[in-house]
Every structure is written in structure tokens, then in C-alpha cells.
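In this note's numbering, the protein residues as written are 6 to 266.
Ideal Cβ placement from N, Cα and C applies to all residues, glycine included.
Remember, predicted model here, so these are calculated numbers, not experimental data.
Report on one structure; see the data block that follows.
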Amino acid sequence: MQFDEQKLREYYADPPEDIRLEDIDLARVPSHVSIIMDGNGRWAQARGLSRPKGHVAGVDSLREAVTTSVRLGVDVLSVYAFSTENWRRPQKEVDLLMHLFANTLLKELPLFHQENVKLRFLGDIESLPKKTYKVFQEGLEQTADYDGMVFALAVNYGARAELARAARLIAKDAMQGSLDVEQIDEQVLSERLYTHGLPDPELLIRTSGELRLSNYLLWQLAYTEMYVTDVLWPDFTRWDYLRAIRSFQGRRRRFGGVVES
Ligand code: FPP
């Protein structure tokens, strides 16, 4: 994706000691970056604050991650905001998160307009609280015509549920006669996932040091490079993002084959 090099250099002025913009190859920035934003609760608890305060602080990191992605020319940024398993959290925390999603989205819409960002949702958003769902629809409508970066927010998302849903959609098409069972291949399945039309992530970042996929994009992450950092999500900055890309660019991707030297 096109990006404004002048803006990018200004954005990355004043580097810390261990990383600079020059350390990465701007021609090889991953097209799709996905993030498991983890550690909000621990960040808050370490400061003697309630867990929801950690989520509120996490919003600032998310805004910075969106801006960073746009500046670097990333085509798609996807983030895991709420899983199908997260309903098991205390009701008060779930309520706050639903409220935060809706409020933040409304508040951040000007950023999407300014940066030509198109919004997508991954997950079953129809079963969310009415107000949250309504605001999400509003966000989709307002950004539908944008052709800049895609920002995909995974809410009420679970990879196994997504695959079961795809199987149902395929079965329906087969029963109705619009799909021949012999034609069912990887592409047919991909087209029935929430991520249809998007490239698979090239880089997955997980914060807070956990080495798990947590039922996230299990199909789409087949060949994705992973980067795990101990940094807690509310502390994650544009420089941590750069460190992740530097690590990604230092790897040889084989896609199951061999790399010729
Ligand atoms: C993980 O931290 C974070 C979440 C489950 C919620 C993510 C939400 C945000 C970053 C808030 C803003 C999001 C939007 C879309 C406006 P955790 O609670 O699992 O932390 P812990 O592992 O330390 O308990």
C-alpha cells in the first residue's frame, strides 16, 4: 500500500537506542498484521487499578497501532478484541468492554475518515448488545467506500465457531445445488470465513508473553510468522511495532518448502 514517507519519518523521529526506522525495509512491510492484544488486566493490577482501567488504557495503544499501520503502509490490521470465551468474564467487565467498543468506535471515526480506513468485523456481531451492534453497523456504513487500510476488529470471535459456520454455509450451498461437493477446496472454505477477501496475516503479534493462539484465526494463521513480546498491551508503542517488523524481516519464510541459498 502507498504511504507518505515524509509523514512516516516525522512519526518515527526521536528513536530509542535499540531501534530506528532505518532498521526496517519499507518495501517489505507485511501486508497483513494481526495482533492479540493481551495484558490489560495485569497492567492495571500492577498499578493497583481495576481491570477495566487496563482496557481503557489499551484503547490508546490500539489507536497508536492503527496510526502506525497506516503510516507504514500495512494493507490490513486485524486485532483480537473479544473472544467467544470472553463472555465468561465477570458481567461488569463484559458490560464495560461492550460499552468501550461502541464508545471508542464512535469517538475514533474521525481518524478513519481522515486516514481512509475501512472497517471490518470478524465474528458474530449480530448477537452483541443492541447498542454495540448498532454503532458497529454505523461504522461499517460510514467507511464502506474507503479504499485505504482495512481495520478488522475481531469481536465475539472464535476460530472453531468460524469454521463450524463455514461448514454450515457450505452444506447449505451443497443442499441447494449451487455447490458441487467435489468442488469443495481450500478456496471455497476461505470464502466462507469472516476474513473472506483479505490476505492471510503475514505477522501475528501477541503481547504479554503468552505463547498461545487462543482460538484465534486458526485457519488463516497456517503460515504466519509469530512475534511474542513481554510488553503488556497498554505499554505497546510504535517502537514495539517496529521491533516486531524487524524480527519478521529477519526470518526466512519457507511455506513448507526449502529456501534456496
Ligand atoms: C486482553 O487483556 C484484552 C482484552 C480481552 C480486551 C481488548 C480490548 C481493548 C484493547 C480495549 C479497546 C478495544 C477496542 C476495540 C475499542 P486481558 O484482560 O486478557 O489481560 P490479562 O491477560 O492481563 O488479564
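Taking residue i as the reference, give the member of the options with the closest Cα.
i: T242; options: Y16, I175, A107; result: Y16
i: D28; options: V264, I250, V263; result: I250
i: S213; options: L198, V236, E230, M180; result: V236
i: Q225; options: E69, Q192, P95; result: Q192
i: V155; options: G53, K123, E10, A18; result: K123
i: T104; options: D19, L133, Q119, F117; result: Position check: residue 104 holds His in this sequence, whereas Thr was assumed. Among D19, L133, Q119, F117, the Cα nearest to that of H104 is on L133.
i: E22; options: R68, R248, L184, R258; result: R248
i: W244; options: R25, Q11, R14; result: R25
i: E196; options: F253, V99, A172; result: A172
i: V34; options: F8, S66, L77; result: L77
i: V271; options: L101, L102, P115; result: Nothing can be reported for residue 271: it is not among the residues displayed for the chain, which extend from 6 to 266.
i: G163; options: A51, L218, T234; result: L218
i: R257; options: W238, Q7, L223, E230; result: E230
Cβ of residue i versus every heavy atom of the ligand FPP: is any distance shorter than 8 Å?
i: S36; result: no
i: D43; result: yes
i: L26; result: no
i: G59; result: yes
i: L110; result: yes
i: S66; result: yes
i: R47; result: yes
i: N220; result: no
i: W238; result: yes
i: S132; result: no
Review point. Are the segment 70–87 and the segment 36–55 touching by the rule of at least three beta carbon pairs closer than 8 Å?
Key: yes
Point to revise | Length-filtered (4 minimum) alpha helix (DSSP H) runs lying within the segment 35–61 | key: 45–51
Point to revise | Start-end ranges of the beta strand (DSSP E) lying completely within the segment 97–174, minimum 3 residues | key: 123–127, 155–162
Exercise for review: Count the C-beta pairs between the segment 138–145 and the segment 95–112 that are closer than 8 Å, then say yes if the count reaches three, no if not.
Suggested key: yes
Check your understanding: Can at least three beta-carbon pairs, one atom from the segment 50–58 and one from the segment 172–179, be found at a separation below 8 Å?
Key -> no
Exercise for review: Return the chain-ordered ranges of every alpha helix (DSSP H) run that is complete within the segment 182–245 and spans a minimum of 4 residues.
Suggested key: 191–195
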